[in-house]
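Notes to accompany the following structure.
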Amino acid sequence: MKNNHLLCKSITKSYGNNKIINGVDLSIKSGDVILLLGKNGAGKSTLIRLLSYLSLPDSGEITINKINYHKNNAENYRLEIGSALHSNMLYNDLTVEENLIFFSKLYFVKNPK
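Its first residue numbered 1, the sequence shown is counted upward by one per residue in this note's numbering.
What follows is the structure, given as structure tokens:
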């Protein structure tokens, strides 16, 4: 397993005048398990979308191994991150991890763990 380090520094995200994410700092290393818990509308899905490069932060920085892929190469960033969001496009008989590995292989990701 790679020793990746995902780091968020003061990220913010707004939709119109509604600030959803406000100055989030986060550090995740390979092997870490993260639980996001909160009420509806608290920003959990928005944060996952930011970390998965499905949305850009309004301000702040998200890096993997000190590289800011939002400013550089989005495709390489996507190869480093996997996520499972609300819409279920997964195979029900596979675990989330197995689904992520399966779809990683479809996109030719080397060593998807």
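Glycine included, C-beta positions come from ideal geometry on N, C-alpha and C.
Since we're looking at a predicted model, the values are computed, not measured.
Pick from the options: whose alpha carbon is nearest that of residue i?
i, options, result
"L51", "I11, V109 and I101", "I11"
"V33", "G16, N40, Y91 and L6", "L6"
Are the beta-carbon atoms of residue i and residue j separated by less than 8 Å?
i, j, result
"I64", "N4", "yes"
"L36", "L47", "yes"
"G60", "K29", "no"
Among residues of its own chain, excluding the 5 on either side of residue i, which ones have a beta-carbon nearer than 7 Å to its beta-carbon?
i, result
"N43", "Checking the sequence, you will find Gly at residue 43 rather than Asn. Excluding residues within five positions, the ones whose Cβ falls inside 7 Å are I20 and I21."
"G23", "S10 and T12"
Taking the beta carbon of residue i as the centre, do at least 16 other beta carbons fall within 10 Å, making it buried, or is it exposed?
i, result
"L56", "exposed"
"I62", "buried"
Here's a check: name, in chain order, each residue in its chain whose Cβ is nearer than 6 Å to the Cβ of residue i, leaving out the five neighbours to either side.
i, result
"S14", "D58"
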